[in-house]
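Position one of the sequence shown corresponds to residue 1 (full-length UniProt numbering), numbered consecutively onward.
The beta carbon of each residue, even a glycine, is placed where N, CA and C say it ideally should be.
Remarks on the structure that follows.
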Amino acid sequence: MADASKSPERLLFFSDGVFAIVITLLVLELRPPHEATFAALIQLWPSGLAYAVSYLFLAIVWVNHHHVFRYSTEASRSLIWANFGHLFSVSLVPFTTAWIADSELAPVPVVLYAVVFAFINITYVMLCREAIDRQGVRKLSASERKVMRIRSMATLSTFVLAALVAVRLPMVAMVLICTCLAIYLRPSVSNRP
Numbered sequence: 001m002a003d004a005s006k007s008p009e010r011l012l013f014f015s016d017g018v019f020a021i022v023i024t025l026l027v028l029e030l031r032p033p034h035e036a037t038f039a040a041l042i043q044l045w046p047s048g049l050a051y052a053v054s055y056l057f058l059a060i061v062w063v064n065h066h067h068v069f070r071y072s073t074e075a076s077r078s079l080i081w082a083n084f085g086h087l088f089s090v091s092l093v094p095f096t097t098a099w100i101a102d103s104e105l106a107p108v109p110v111v112l113y114a115v116v117f118a119f120i121n122i123t124y125v126m127l128c129r130e131a132i133d134r135q136g137v138r139k140l141s142a143s144e145r146k147v148m149r150i151r152s153m154a155t156l157s158t159f160v161l162a163a164l165v166a167v168r169l170p171m172v173a174m175v176l177i178c179t180c181l182a183i184y185l186r187p188s189v190s191n192r193p
């Protein structure tokens with residue numbers, strides 16, 4: 001009989017709770033317009049854009065988090081800490097989302113937004129390393145692992161580029177960020193479900 005205390009299931013349930021809280025904090029930052037007109041609603045487009053991108057990003061991170069945990073065999077100390085690092089980086093999303101919404105996509109808040117996304121990507125790579133590579137998982141072929149590494153490096157590079165571009169062109173940086181999100185819509189790197 002397997003030791004239940006070493007099962008990654010409890011860690012996954014805890015993570016789900018953190019994701020639920022982060023999404024709740026994200027939605028609490030949405031504020032209705034002061035006037036009851038469509039024109040007033042349209043003026044809030046930066047908030048709507050920031051919320052939509054962040055919500056989609058959090059959904060993608062959550063789906064990929066679950067995907068990675070499918071490969072985990074035990075909740076080792078290093079996996080627990082890698083997971084906490086990942087959850088910490090995810091918890092920064094509501095703050096940066098509120099800032100870019102309040103500043104109407106000003107350069108510095110968008111720079112920080114892209115940096116947080118890069119930080120989340122880095123902690124995701126650490127989580128993958130602990131859940132897949134260090135636990136001796138043989139369910140992924142060498143080519144699938146290579147695709148995962150290439151995809152991680154490509155998105156990390158794009159988030160860093162978005163942070164640099166945001167200094168002068170915050171809307172272009174947001175497009176770069178959204179491009180990265182499309183890369184992770186499908187967590188699997190193989191043709192298998």
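- Cβ neighbours of Thr158 within its own chain (closer than 6 Å, five residues either side excluded): Leu176 and Cys180.
- Taking the Cα of Ala106 as reference, the smallest distance to any Cα among Ile23, Gly17, Ala166 and Ile183 is reached at Ala166.
- Boundaries of the alpha helix (DSSP H) harbouring Ser78: Arg77 to Ser91, taken from the DSSP string.
- Residue nearest to Leu58 within the set Ile23, Trp81 and Leu41 is Ile23 (criterion: CA-CA distance).
- In this chain, Thr37 is not harboured by any alpha helix (DSSP H), its DSSP state being neither H nor E.
- Rounded to whole angstroms, the gap between the alpha carbons of Ala98 and Tyr55 is 12 Å.
- In this structure Phe95 does not touch Leu12 by the C-beta definition: roughly 25 Å separates them, more than the 8 Å allowed.
- Unbroken alpha helix (DSSP H) stretches of 4 residues or longer found wholly inside the segment 1-68: 9-28 and 38-42, given in chain order.
- Out of Ala39, Leu28 and Trp62, the CA that lies nearest to the CA of Tyr51 is found in Leu28.
- The C-alpha of Pro46 lies about 12 Å from the C-alpha of Pro170.
- The segment 140-152 makes no contact with the segment 80-89, as fewer than three CB pairs between them are under 8 Å.
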